[in-house]
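Following: one structure in C-alpha cells, then a few remarks.
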Amino acid sequence: MVPDLDLQLQVAIKALTDAIAPAIDPANKVAAEQLHLTVATLTMVRDRLPIARRFTRRQLEDDLAMLDSLRALVTSGDPGRAAALGDAAERARSLLADPQTDTAELETYRGILAEITVSAIKELQAGPAAPAVERIVLDATRRSIERRRAWCIPAGFEPYPANIPAIETLI
Amino acid sequence: MIGVDPRQRPDSAFINDIRRRYPVEKEIDRVLTRKMERRSGPGYAPIPLARLVDGIDALIARNLETSFQLSNVRWLTGGASKIQVAFDLEWYGFDGGERRTTPMVLRMEPPESVVETSRVREFEVLRAVGDIVPVPPCYWIDAEGDVLPHPALIYGFAPGVTRPTNLPSTQVTGIGLNYGPELRPKLARQFLDHVGRFHSAGEATLAKLVHFDPAEVGATTHVIREINWWRRVWEEDRQQDEPLMEVAYNWLVREAPALDRVSIVHGDCRGGNFLFTEHDAKITAWLDWELALLGDRHQDLAWSMMNPYRHMAEDGVTELVNGFLPASQYLEEYERLSGLPVDPRRLAYYRVLCSYLSVAICQGTGYRVARGAKTHQDIVVAWLAMISYSVMDQLHTTLEEVG
Numbered sequence: 344m345v346p347d348l349d350l351q352l353q354v355a356i357k358a359l360t361d362a363i364a365p366a367i368d369p370a371n372k373v374a375a376e377q378l379h380l381t382v383a384t385l386t387m388v389r390d391r392l393p394i395a396r397r398f399t400r401r402q403l404e405d406d407l408a409m410l411d412s413l414r415a416l417v418t419s420g421d422p423g424r425a426a427a428l429g430d431a432a433e434r435a436r437s438l439l440a441d442p443q444t445d446t447a448e449l450e451t452y453r454g455i456l457a458e459i460t461v462s463a464i465k466e467l468q469a470g471p472a473a474p475a476v477e478r479i480v481l482d483a484t485r486r487s488i489e490r491r492r493a494w495c496i497p498a499g500f501e502p503y504p505a506n507i508p509a510i511e512t513l514i
Numbered sequence: 139m140i141g142v143d144p145r146q147r148p149d150s151a152f153i154n155d156i157r158r159r160y161p162v163e164k165e166i167d168r169v170l171t172r173k174m175e176r177r178s179g180p181g182y183a184p185i186p187l188a189r190l191v192d193g194i195d196a197l198i199a200r201n202l203e204t205s206f207q208l209s210n211v212r213w214l215t216g217g218a219s220k221i222q223v224a225f226d227l228e229w230y231g232f233d234g235g236e237r238r239t240t241p242m243v244l245r246m247e248p249p250e251s252v253v254e255t256s257r258v259r260e261f262e263v264l265r266a267v268g269d270i271v272p273v274p275p276c277y278w279i280d281a282e283g284d285v286l287p288h289p290a291l292i293y294g295f296a297p298g299v300t301r302p303t304n305l306p307s308t309q310v311t312g313i314g315l316n317y318g319p320e321l322r323p324k325l326a327r328q329f330l331d332h333v334g335r336f337h338s339a340g341e342a343t344l345a346k347l348v349h350f351d352p353a354e355v356g357a358t359t360h361v362i363r364e365i366n367w368w369r370r371v372w373e374e375d376r377q378q379d380e381p382l383m384e385v386a387y388n389w390l391v392r393e394a395p396a397l398d399r400v401s402i403v404h405g406d407c408r409g410g411n412f413l414f415t416e417h418d419a420k421i422t423a424w425l426d427w428e429l430a431l432l433g434d435r436h437q438d439l440a441w442s443m444m445n446p447y448r449h450m451a452e453d454g455v456t457e458l459v460n461g462f463l464p465a466s467q468y469l470e471e472y473e474r475l476s477g478l479p480v481d482p483r484r485l486a487y488y489r490v491l492c493s494y495l496s497v498a499i500c501q502g503t504g505y506r507v508a509r510g511a512k513t514h515q516d517i518v519v520a521w522l523a524m525i526s527y528s529v530m531d532q533l534h535t536t537l538e539e540v541g
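Protein sequence lines, in the order shown, are assigned to chains A and B.
Numbering-wise, the first sequence is residues 344 to 514 according to my numbering.
Numbering-wise, the second sequence is residues 139 to 541 according to my numbering.
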C-alpha cells in the first residue's frame, strides 16, 4: 500500500527536520528541545514498528512462563487460585496461538496477566513459598528486562550500550 | 478486553484505599491526594507568558509594600518536572534600600508532574540549608496556586551551568554528564564536601523543617514511610504491574535498616542538579530539592552512584560514578570530607530503594502524566520513561547480589 506506515513516518521526519526545524526561533529553547525529541521519537517508532509484534509476543511468552512456574507452587494448597491462574495461562496461550491477534491485544492482555501474576505473588510471599517465589521472579524477569533495555537503546540512557545484545537477537 | 482504568478516573474509594494501605508523611499525603483528586481534570494547556507575568506580579505585590517592575521574562528549559520562567525584578529589596535589579526564576507545577511534590517543603529546605551549602535564595511562595495557575515559588537566578559548555550532553535532564578531566576533580571534591555538609546538618537546621515528619535514630519508621511513598505512587500511577516491583517491595520492607543518624537527604543528589561557574570551577547552587526528606545519608550516595550516571574515564577502563570518581575512591572521599562512615550493607539496601523509586517515577508516573497530557513537556517525560529498564536491571542485579 502506498503510502505505507514507514513512508508516512519517513516524510513526517523529513518535514520536521528540513522545513520546520530551521523555522524555529533559536532563542526558543523549549521548542527546539521538543522538536529534537519529536524527531527522535518518530525515528525510533519507525525503526521499531516492523518488529513490535514479535517483541510483544516474546514478552507475553516470558510472562506466561513465569505464571506457569508460580502455578506449580499453588496447585496443591489453593485449588481456587490454581484454577484462576490456569484460566489466565490458557487465555494467554490462545492469544499467542491465534494469528489474528494484533499487537495492541497482546499488550493489553500482558497488563491483565501482570495484575493476576502480582496478585498471586502477594499471596505466595505471605507464606512458606516466599523464597521460591522470589527466585522464580528473579529468574523469569532477567530476559524480559534485557529485551526491554535493548528496545530502548536509542533513548541513550544505557551507559554501555555495546554490552547489550541487539534487539533482533532477542525477539 | 480493555477495561476501565481506575487510575485515570479514580473515585474516592480508590484514592482512600491506597492512602490507608500505604501511610506516608503528612505533607506527602496532602500532595499525592491532591494529585489523585485532580487526576480526571483537564490536562496541561499552554499558558501565555502574560498570564504568568500577572501571577508573578500579584504574588510579589502580596509580599512587598514598595514598587517593583518585571522585565526580560522568558521560558527556561532544563529538568523534566516543573515549568520554569526567568525574569529580572527591579525593586528596593527587602531592606527598602537602593533600587536594584535581581534576576529570578519562577518554578511552577504543571497540572501533574513526573514527581508530585510539595512547594512548601522545597521552599522550607532551600531556606534551611542556605547557610550550609550554596543554594538559590528563595523569595516567595504561592503554595496553593492562589494567584498563579498552579503552586509555585520564586527564587534567585544563580549564575552557572549544569554541564560544561564545551562538552555538551545529548541527553535530557542532565543524565549521563561527562565533566571532562579538568573540571572533574575540582567538582568532585566540592560535590562530596557539600553532600557531607547537609548530611551532617545539626539540630538547629533540622528544626526548621516543620513540614517534614521527623526521623528517629534506631527506628525504621523513616524508611518504611518512604517505601510506602513510592509504593503509593506506583499504585496510583502505573500502567501495568511488574512482578519484580512486588518482590522488591517485600524485600525492602523485610530488610529495612534502623537509622544510625538523621540526615537531610537531598533526594535527587547527582551531577546535573547543581550549577557551577566554568571560569573557576565553583559550585554556585544546589538545585531540585523537591524530593528532600529526613532520613539516611546512604540514600543520596546510592542515588548518585546509580548506573545511568556512570561512564568510563578517558582511559576506557576506569568507571566513574556520578561522572566523578571510581566507586571506592568516591566513598573514601565522602568519608574523609564528611567524617561520616559508609556502611556497605546500608548502601546496597538504598541501591535497591533508589532503583525501586526510580522505576516508580519513570515508568509509573512517567506513563501516567504523559497519557493524561498533564505537563508542558509530555514528550520529555515519555522519553525519560525509557530509562526505567536500565534501572530495572540495576534493581534486578542488586537483589541478586544481596540475596
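Glycine included, every Cβ here is placed at the ideal spot set by N, Cα and C.
For ARG448(B), the neighbours in chain A by C-beta distance under 9 Å run, in chain order, PRO502, TYR503. Residue pairing by DSSP places LEU413(B) opposite ALA423(B) in a beta bridge. Chain A places a beta carbon closer than 8 Å to that of VAL518(B), counting this residue as a contact. For THR446(A), the nearest beta carbon of chain B is not closer than 8 Å to its own beta carbon.
In the three-state scheme derived from DSSP, where H, G and I count as helix and E and B as strand, HIS288(B) is classed as coil. Taking a C-beta distance under 8 Å as the contact criterion, GLU404(A) and LEU428(A) do not qualify as a contact pair.
For ALA431(A), the CB contacts under 7 Å within the same chain, skipping 5 residues up- and downstream, are LEU410, LEU456, ILE459 in chain order. Against LEU380(A), the close residues of chain B are VAL310, ILE517, VAL518, TRP521, in the order they occur along the chain (beta-carbon pairs closer than 8 Å). Against ILE488(A), the close residues of chain B are LEU382, TYR527, MET530, ASP531, HIS534, in the order they occur along the chain (beta-carbon pairs closer than 8 Å). Taking 8 Å as the cut-off between beta carbons, the residues of the region 360-381 of chain B near chain A are GLN377, GLN378, ASP379, GLU380, PRO381, in sequence order. If you keep only unbroken beta strand (DSSP E) runs of at least 3 residues inside the region 252-337 of chain B, you get 276-280, 290-294.
With contacts defined as CB atoms closer than 8 Å, LYS512(B) and PRO148(B) fail to qualify as a contacting pair. If only complete runs of 4 or more residues are kept, the region 449-537 of chain B shows the alpha helix (DSSP H) at 465-476, 482-497, 504-509, 516-522, in order along the chain. Per DSSP, reduced to three states, the secondary structure at ASN210(B) is strand. The region 517-532 of chain B and the region 380-390 of chain A touch, with three or more beta-carbon pairs separated by less than 8 Å. Rounded to the nearest angstrom, the Cβ distance from TYR182(B) to HIS514(B) is 6 Å, consistent with a contact under 8 Å.
Here ARG414(A) is buried. Its C-beta has 16 or more other C-beta atoms within 10 Å. Residue contact check for GLU165(B) against chain A: no CB pair falls below 8 Å. From the beta-carbon of ARG492(A), the residues of chain B found nearer than 7 Å are TYR527, SER528, ASP531. Following the DSSP letters along the chain, one finds VAL345(A) in no alpha helix (DSSP H), marked with neither H nor E. As the crow flies, the alpha-carbon of PHE232(B) is around 52 Å from that of GLU380(B). The region 244-264 of chain B and the region 151-170 of chain B touch, with three or more beta-carbon pairs separated by less than 8 Å.
Rounded to the nearest angstrom, the gap between the Cα atoms of ILE488(A) and ASP531(B) is 6 Å. Only those residues of the region 454-480 of chain A whose C-beta falls short of 8 Å from the nearest C-beta of chain B are listed: GLY454, ILE455, ALA457, GLU458, THR460, VAL461, ILE464, LYS465, GLN468, ALA473, VAL476, GLU477, VAL480.
Distances from the alpha-carbon of LEU347(B) to those of GLU165(B), ARG159(B), THR536(B) put GLU165(B) closest. Annotation: the continuous beta strand (DSSP E) that includes ILE402(B) extends over 401-403. In its chain, beyond the 5 residues on either side, ARG448, MET450, PRO464 have a beta carbon closer than 7 Å to the beta carbon of GLU457(B). Separation of SER209(B) and GLU262(B) (C-alpha to C-alpha, rounded to the nearest whole angstrom) is 27 Å. Among the residues facing chain B, ARG485(A) is included, as its CB has a counterpart in that chain under 8 Å away.
Contact of GLN377(A) with chain B by beta-carbon distance below 7 Å involves GLN515, ILE517. Contacts with chain B at 8 Å (Cβ-Cβ) include MET409(A). Taking the Cα positions, HIS417(B) is about 10 Å away from GLY298(B). The continuous alpha helix (DSSP H) containing LEU190(B) extends over residues 187-201. Membership of ARG245(B) in any alpha helix (DSSP H) is not indicated; the residue belongs instead to the beta strand (DSSP E) covering 238-246. VAL285(B) is a Cβ neighbour of GLY193(B), given a cutoff of 8 Å.
Proximity of the region 407-421 of chain B to the region 487-506 of chain A falls short of the contact definition, fewer than three beta-carbon pairs being nearer than 8 Å.
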